[in-house]
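Heads up: the sequence shown runs through residues 8 to 245, numbered per the numbering used here.
Backbone N, C-alpha and C define an ideal beta-carbon position, used for all residues, glycine too.
For clarity, every value in this text was computed on a predicted model and none was experimentally measured.
First the structure, in the form of structure tokens, and then the observations on it.
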Amino acid sequence: MTHVVLVHGGWHGPWCWADQIAALERRGHRATAVTLPSDELDAGADRYADVIAAAVREPGRDVVVGHSLAGLAIPLVPERVPVAALVFLAALLPDPGRSWKQQLGAGRPMAEWFYTEALPKQGRDEHGRSVWPVDVAAELFYHDCVPSTAEWAAAQLRPQSPAPIAETTPLTTYPDVPMHYVGCRADRAVSAAWAAETARARLGREPTWIDGSHSPFLADPDGLAEVLLTTVTEQEDR
8 MTHVVLVHGG WHGPWCWADQ IAALERRGHR ATAVTLPSDE LDAGADRYAD VIAAAVREPG
68 RDVVVGHSLA GLAIPLVPER VPVAALVFLA ALLPDPGRSW KQQLGAGRPM AEWFYTEALP
128 KQGRDEHGRS VWPVDVAAEL FYHDCVPSTA EWAAAQLRPQ SPAPIAETTP LTTYPDVPMH
188 YVGCRADRAV SAAWAAETAR ARLGREPTWI DGSHSPFLAD PDGLAEVLLT TVTEQEDR
């Protein structure tokens, strides 16, 4: 039995992992979903990593899964507490010495749908935090979910602070722990081509692929559980 720490991405919260936790528990494992300070203006990747590290129950044995924006924070966790593995799920990958904003300016890490259909409709609140219209978020993040699930999830989203995107990553080098990348072939947020190339370059790994959208924890939690537990088994067999 392994404890899995589940880390949500931008705009989301621990609510998005409820079905995933149930799927893991049905298979005899335990999971905890953290709450990142995503809407706090001064909270960057270091603050996120502190929260994640505090959720680790069995140092050296827990697996940390970071979705989307959480990919900028989870490689900072092993310097705080030992973990068995990091799993980057449809995740952004930091580049030491640069900010995510600089990565955005230097290439096309996001999917074309994001640039053409979503980004022009993204809004800002009075504090400069990014927000999404419900209909746009439903198509961006959950397009293969049951419509009622997509609408419900999109309505739960909260404002996202620009801090972890604008800051130069505090990561100086990737940690010496097993790392895995799980990509989503029909992702409308993160470019599958970018994910494949960058996972090879920065993690030294070929991604594992899931058919579907950016949010498999809502669209196919049982399928995602099987992928995650394959990673867990790899660690336990070593």
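Quick one: Cα of residue i to Cα of residue j, how far?
{"i": "T180", "j": "T205", "result": "15 Å"}
{"i": "S137", "j": "Q167", "result": "5 Å"}
{"i": "Q10", "j": "L79", "result": "Position check: residue 10 holds His in this sequence, whereas Gln was assumed. Going from the Cα of H10 to the Cα of L79 covers about 21 Å."}
{"i": "T237", "j": "Y188", "result": "12 Å"}
{"i": "G230", "j": "W139", "result": "28 Å"}
{"i": "D135", "j": "P169", "result": "A small correction: the amino acid at residue 135 is Gly; Asp does not occupy that position in the sequence shown. Cα-Cα distance, rounded: 8 Å."}
{"i": "T240", "j": "A157", "result": "31 Å"}
{"i": "V234", "j": "E47", "result": "32 Å"}
{"i": "V309", "j": "Q129", "result": "In this structure the chain extends from 8 to 245, so residue 309 is not present and cannot be described."}
{"i": "L225", "j": "V141", "result": "16 Å"}
{"i": "K108", "j": "L178", "result": "15 Å"}
{"i": "T123", "j": "A29", "result": "35 Å"}
{"i": "A173", "j": "D49", "result": "11 Å"}
Using the Cβ count rule (16 or more neighbours within 10 Å means buried), how would you classify residue i?
{"i": "M8", "result": "exposed"}
{"i": "R195", "result": "buried"}
{"i": "D218", "result": "exposed"}
{"i": "W18", "result": "buried"}
{"i": "A161", "result": "buried"}
{"i": "P154", "result": "exposed"}
{"i": "Y149", "result": "buried"}
{"i": "G112", "result": "exposed"}
{"i": "G73", "result": "buried"}
{"i": "P223", "result": "buried"}
{"i": "A61", "result": "exposed"}
{"i": "L93", "result": "buried"}
{"i": "A200", "result": "exposed"}
Would DSSP call residue i helix, strand or coil?
{"i": "V94", "result": "strand"}
{"i": "R165", "result": "coil"}
{"i": "A38", "result": "strand"}
{"i": "S155", "result": "helix"}
{"i": "Y6", "result": "Residue 6 lies beyond the stretch modelled for the chain, which goes from 8 to 245, so this question has no answer here."}
{"i": "L99", "result": "coil"}
{"i": "R64", "result": "coil"}
{"i": "L13", "result": "strand"}
{"i": "S106", "result": "strand"}
{"i": "W201", "result": "helix"}
{"i": "D69", "result": "coil"}
{"i": "S137", "result": "strand"}
{"i": "Y188", "result": "strand"}
{"i": "T180", "result": "coil"}
{"i": "W22", "result": "helix"}
Determine, using beta carbons only, whether residue i and residue j come nearer to each other than 8 Å.
{"i": "I59", "j": "V71", "result": "yes"}
{"i": "P214", "j": "A202", "result": "yes"}
{"i": "A97", "j": "G190", "result": "yes"}
{"i": "P182", "j": "P82", "result": "yes"}
{"i": "R115", "j": "T176", "result": "no"}
{"i": "H15", "j": "C23", "result": "yes"}
{"i": "W159", "j": "R192", "result": "no"}
{"i": "A221", "j": "S45", "result": "According to the sequence displayed, residue 221 carries His and not Ala. No, they are not a contact pair."}
{"i": "G51", "j": "P171", "result": "yes"}
Using alpha carbons as the reference points, say which of the options lies closest to residue i.
{"i": "A232", "options": "T176, V143 and R33", "result": "R33"}
{"i": "P66", "options": "E86, S75, H74 and D49", "result": "E86"}
{"i": "Q110", "options": "V197, V14 and D227", "result": "V197"}
{"i": "D26", "options": "C152, R68 and E124", "result": "C152"}
{"i": "F95", "options": "R209, P228 and T39", "result": "R209"}
{"i": "A40", "options": "R54, D49 and V63", "result": "V63"}
{"i": "W120", "options": "A144, W107 and L100", "result": "A144"}
{"i": "P101", "options": "A77, L147 and E146", "result": "A77"}
Taking Cβ positions only, does residue i come closer than 8 Å to chain D?
{"i": "R207", "result": "Among the chains in the structure shown there is no chain D, since it carries only a single protein chain."}
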